Amino acid sequence: MIKFVLMVNRRGQTRLSRYYTPVELSRRAALEADVVRCCLSRRKEQCSFVEYKDFKLVYRQYAALFIVVGITDKENELSIFELIQNFVEVLDKYFSRVVSSCAIMFSLDRVHFILDEIVQNGLVVETNRSRILTPLNAIDKMSDS
Amino acid sequence: MSDVVEKTLTALPSLLLSVDSQPGSAKLSTSSKLGSLIRNITELTSKHEEEKLIQRELSSIKDQVSSPNTTMRQMKELMVRAIYCEMLGYDSSFTYIHAIKLAQQGSVLEKRVGYLAVSLFLNEHHELLLLLVNTVLKDLQSTNLIEVCMALTVVSQIFPKDMIPAILPLVEEKLNHPKEIIRRKAVLALYKFHLIAPNQVQHIHNKFRKALCDKDPGVMGASLHIYLHLIQENPEGYKDLTTSFVTILKQVVGGKLPMDFNYHSVPAPWIQIQLLQILSLLGKNDPGTSEIMHEILEESLRRAEMNHNITYAILYECVKCIYTIHPKSDLLEKAAKCIGNFVLSSKINLKYLGLKALTYVVQQDPKLALQHQMTIIECLEHPDLIIKREFSQLLMLLHVLMIFPINNNTYAPDNEWFIQTMNAVFSLGGETMQPDITNSFLKLLSEGFDSVEEDRKLKVFAVNSYVSLLEGEPEKLPQRFLQVISWVLGEFSHLQQDVGAETVVCLLDKLLHMKNSTSETKTWVLMAMTKVCEGAACAPLVQSVCETYSSSLDTVLRQRAQELQHLSRDPALRARVLPPVCTREPLEVPVDSSLSFLDEFVSEALAAGAAPYKPSHQRQEELAQTKGVSTVCLMFVCLMLFLTRADVCVSQLSSSLKLEGVKRVWGRGGYEAAQVETPSPPQEGGDPSISHTPPLTSEDTESKQQEQQLASSMFLGLDHSSVTLVTHTHTHTHTHTHTHTHTHTRTRTREYGTMWLSFSNDTKQNLTLVHSENEGPLRATLNVLTEDLHLHVVEIIGMEAIVACRLLQDQPCLMHCRVHGDALAVWLRSPVPELPDCLIYHCQRALQGH
């Protein structure tokens, strides 16, 4: 099960966070900073999976951005690792077509919409790229007209 | 990686970077309030500043949301900013109600943002959630499909349990909707209901089946979540669906799904993984059901040949499945090969997965782990902590299995496995292993098992294993392991008729010549040679070894060399002195467990100011502090080994030997049972010691041995006859100790003073005074010391005296003595670091006799 998805920059500033298990608001910032510290201290030749407290972190770095997914033990780490890549490819597909030079993070709501299609209740519910984007495309079309 | 991925990855940074590496570049951000907020936050450096900025922002938002003039469009924008602020950890609960309003009243995009905000802000028990229900109900019945989708999405994310009955019929009917996206989302909503209130959805399980067989793969995929959950709780209830799952997997693997379900040319990988998880649950402990899956599992293994992470993820799941269900040998083999590839892979993520798979597999089939023994060991050297941890877990598992064999023969560890596993433990343990582990292993080996034949086989197997290790590259093996190997070969190689004594002696000799063999290891090797050598073929090699080590600086090595020399020449004597372990009952060795014969010596030494005994754990702590490697795993192994045998192993002297009812046979004069004769008269070098217990019990107290060695090395470089402090173990008599010292030096008091101030190494100690009728205690004591040790008394004034000696040309030692009560307080100084302590020791020895 996926516990949370985070997009954090190198300085520990959160760009996006979605929790699938309840975490108190006041604890979130500390957790996020700690998680990114954990991932930042990893070297290139080290594993992309880190044991953190009583669960695991799967992280991937894209330039200055870290995408970190917290998972329980039973989850297949490598499949989540690739899920992150799938997510990023979907973002790429959406943003490069619709808005050319817009920073993804400035469209926080749209990134959430996309993530909502992929992960629900901590489970991977959709991985088909075109299907993930269908609702958002429809909304865009409708708001434009 | 494929081209597409490469291109994507290079394109991505430009999209994701904007704010984070190119400040101020994004054009559109200037028009967006959110954009400028994010940029401002990014540029800040302190938490305090951030707080100020956010609070300002929040109060601005607050004003605007409460204003009646704010449009829905503006509200949407405010809401996203509020989401951002809460994401950073700042409460914006005043916006919650407005989020719901937004969902109710906004147009499509605004509504979506409203729903998003609600799913992020609220939790299941929030009072405002009830207000959402009406909106959702309305949207579910909307003609606009987008709104229906949105409603179903939010229902899957968050919904009050008590309101399920109100919404259930609406959702149910969506299961039959012509549009697949609606059907899919309806299934997911029902899954959520099942999670929070299983009773409410019990009556519609048949509808789930329909979803499973839905012609649309997306709907089918959604139903898998429900089934995985249901089957985890009750596998029996769903065994009849096995064929369906197998068929579905066949279709997916066979590429029957539309192309857009592919991810890097792999068909619906996450669906495959889920199906494999479901199949494992169904096939577990069920041969009939497992049978149905064999074909598809084999095909999955075969198809996942591509060199991509996602195929490896599928393979991992496949392997896990194969090892969970009822076993089939050729499938197991293929899966094992697969794991091997993972573990051997250079890619660290795959290695990790391989180890994880191995850990899982070891619980079902321990033998597989052994094939990858060396790789596993290499993994421990790996700098990555998570790899190390995985490996430690693996090893612990192996040993739990070893110690608690299940009665079922399939899982009972056999000799081969035991020896190979212990080899792995010794190889990885290296120098940081506790000696207890080696000792208990040796004891285990010597005591054997109940069956004589099994016992013999185990020993023979061990011998074979070690012979081949020595024939290979023993340089890489840790010292403790080499010691174990030597002992085992010494004791048991005669059981293996195929390996001649000469071969073993040659192999042992190889160890002696290895650069990194320590003195301690060499003593074990010499002991082993002593036990093994027989026949004329060994004689020349033995002779040359004896010659080499008879003049070794290490006294213990010298002793062993002497033993080797004498015992190799006299087989009858050796047979009496060193009967093979397996021919006698283990506890027949008479040992005075309390070492009572040493009591007087100890009390005298303490009175003379010797340091009291430091228990093993304290010494170990001090030792361990200097070493970085964690021995948790090995300690666990040690514990486990102990648990197999009720008695404590006979190890160092320092640990208490719980052997009760053993009669006292050792006394002051040595072994009193008159079983051992000294083979030859005392020589210049002192008596050769006769050791007739295995090296396990022959170790002296560490400090004593160190001191002896130190003393011997100190006094060796002399013109006069060399000092041989031949120290023996507790098992036999002490012999003479010749201490010859050094030339006198005539030093005057004045020079003495200058020298005293310039020397940096000192020691203070109390010596016992010698009382004589003829002269005062100071003089008497000094006389004894000067006689025995050839010290030179420079001057005596009243109750004080200054004494000097010189070891070599530039190695003087000065001693200042003062009578203090009933003892002689001495203070020594020397430029040579160890000399003061050494000299004190000899003074004490000398005074002992008086």
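Heads up: the protein sequence lines correspond to chains A and B, in order. Numbering-wise (the UniProt record's numbering), the first sequence opens with residue 1 and increments by one. Numbering-wise (the UniProt record's numbering), the second sequence opens with residue 1 and increments by one. All C-beta atoms in this analysis are idealised placements derived from N, C-alpha and C, irrespective of residue type, glycine included. Keep in mind that this is a model prediction, so the values were computed, not measured.
Limits of the unbroken alpha helix (DSSP H) element including residue i
| i | result |
| --- | --- |
| PRO812 of chain B | Note, PRO812 of chain B: premise wrong, no alpha helix (DSSP H); beta strand (DSSP E) at 812-820. |
| GLU43 of chain B | 33-43 |
| GLU299 of chain B | 287-303 |
| HIS98 of chain B | 96-105 |
| GLU491 of chain B | 479-492 |
| LYS250 of chain B | 242-253 |
| MET529 of chain B | 519-532 |
| HIS513 of chain B | 501-513 |
Sheet register partners of residue i (DSSP bridge)
| i | result |
| --- | --- |
| PHE70 of chain A | Residue 70 of chain A is actually Gly in this sequence, not Phe. In the DSSP output, where bridge partners are listed per residue, GLY70 of chain A has A:PHE4, A:LEU57. |
| GLN120 of chain A | A:LEU123 |
| VAL50 of chain A | A:LEU57 |
| ARG829 of chain B | B:ASP762, B:LEU814 |
| GLN233 of chain B | It is worth fixing the name first, because residue 233 of chain B is Glu in this sequence and not Gln. According to DSSP, GLU233 of chain B bridges with nothing at all. |
| LYS284 of chain B | B:ILE325 |
Selection from the options that minimises the alpha carbon distance to residue i
| i | options | result |
| --- | --- | --- |
| PHE441 of chain B | B:GLU453, B:GLU454, B:VAL452, B:LYS459 | B:LYS459 |
| GLN844 of chain B | B:VAL793, B:LYS510, B:TYR227, B:SER603 | B:SER603 |
| MET79 of chain B | B:TYR115, B:VAL108, B:LEU44 | B:TYR115 |
| GLY849 of chain B | B:LEU808, B:VAL784, B:MET799, B:ILE797 | B:VAL784 |
| LYS74 of chain A | B:LYS356, B:GLU475, B:TYR549, B:VAL770 | B:LYS356 |
| VAL58 of chain A | A:CYS39, A:LEU65, A:GLU45 | A:CYS39 |
| PHE759 of chain B | B:VAL770, B:LEU44, B:ILE796, B:GLN811 | B:GLN811 |
| CYS813 of chain B | B:GLY821, B:LYS207, B:ILE802 | B:ILE802 |
| LYS44 of chain A | B:ALA117, B:LYS476, B:LYS347 | B:LYS347 |
| ASP144 of chain A | B:GLU173, B:SER107, B:SER119, B:LEU778 | B:SER107 |
| GLY472 of chain B | B:LYS764, B:LYS185, B:ILE292, B:LEU507 | B:LEU507 |
| ILE97 of chain B | B:MET87, B:LEU130, B:LEU281, B:TYR312 | B:LEU130 |
| LEU489 of chain B | B:ARG480, B:LYS531, B:ALA539 | B:LYS531 |
| ARG42 of chain A | A:GLN61, A:GLU32, A:ALA29 | A:GLN61 |
| ARG37 of chain A | A:LYS53, A:TYR20, A:ALA138, A:ARG10 | A:ARG10 |
| ASP139 of chain B | B:THR70, B:HIS126, B:ILE167 | B:ILE167 |
| LEU564 of chain B | B:SER552, B:ALA528, B:ALA536 | B:ALA528 |
| HIS326 of chain B | B:ASP554, B:LEU279, B:ASN349, B:ILE204 | B:LEU279 |
Residues that residue i contacts on chain B, provided the C-beta gap is smaller than 7 Å
| i | result |
| --- | --- |
| ILE139 of chain A | VAL108, LEU109, ARG112, ILE146 |
| residue 204 of chain A | Any question about residue 204 of chain A goes unanswered here, given that chain A covers just 1 to 145. |
| THR134 of chain A | ILE181 |
| MET142 of chain A | VAL108, ILE146 |
Residue i: contacting residues in chain B (beta-carbon distance under 8 Å)
| i | result |
| --- | --- |
| PHE113 of chain A | ARG112, LEU116 |
| PHE81 of chain A | ASN309, ALA313, ASN349 |
| ASP116 of chain A | LEU116, SER119, THR153, GLN157 |
Closer than 9 Å at the beta carbon, the chain A residues around residue i
| i | result |
| --- | --- |
| TYR84 of chain B | LEU108 |
| ASP260 of chain B | ASN128, ARG129, SER130, ARG131 |
| LYS192 of chain B | GLN120, ASN121 |
| ASN123 of chain B | PRO22 |
The beta strand (DSSP E) enclosing residue i, as first and last residue numbers
| i | result |
| --- | --- |
| TYR841 of chain B | Looking at the DSSP string, TYR841 of chain B is not in any beta strand (DSSP E); the run it does join, the alpha helix (DSSP H), is 835-848. |
| THR763 of chain B | 761-768 |
| THR14 of chain A | 14-19 |
| ALA801 of chain B | 800-806 |
| GLU795 of chain B | 792-797 |
Residues that residue i contacts on chain A, provided the C-beta gap is smaller than 8 Å
| i | result |
| --- | --- |
| ILE273 of chain B | ASN76, SER79 |
| GLY218 of chain B | GLU126, ASN128, ARG131 |
| TYR466 of chain B | What TYR466 of chain B touches in chain A: nothing, since even the nearest Cβ is about 35 Å away. |
| TRP270 of chain B | SER79, LEU83, VAL124, THR127 |
Partners in chain A for residue i, counting only beta-carbon separations shorter than 7 Å
| i | result |
| --- | --- |
| CYS321 of chain B | None at all; the shortest Cβ gap to chain A is about 12 Å. |
| residue 910 of chain B | Because residue 910 of chain B is not part of the residues shown, which for chain B are 1 to 850, the question remains open. |
| VAL80 of chain B | LEU108, ASP109 |
| CYS149 of chain B | PRO135 |
| THR42 of chain B | GLN13 |
_Taking beta-carbon pairs under 7 Å, can you tell me which members of the segment 41-67 of chain A lie near chain B?_
GLU45, GLN46, CYS47, SER48, PHE49, VAL50, GLU51, TYR62, ALA63, ALA64, LEU65
_At a CB distance below 8 Å, what residues from the segment 784-811 of chain B approach chain A? Give them in sequence order._
none
*Name the residues in the segment 86-106 of chain B whose C-beta lies less than 9 Å from a C-beta of chain A; which are they?*
GLU86, MET87, LEU88, GLY89, TYR90, ASP91
*Selection of the segment 14-31 of chain A by Cβ proximity to chain B, strictly under 7 Å*: THR14, SER17, PRO22, LEU25, SER26, ARG28, ALA29
_Members of the segment 161-190 of chain B near chain A, C-beta cut-off 7 Å_ = ILE181, LEU188
*asked:* If the cut-off is 7 Å on Cβ atoms, which residues from the segment 201-233 of chain B count as contacting chain A, listed in chain order?
replied: GLY218, ALA222, HIS225
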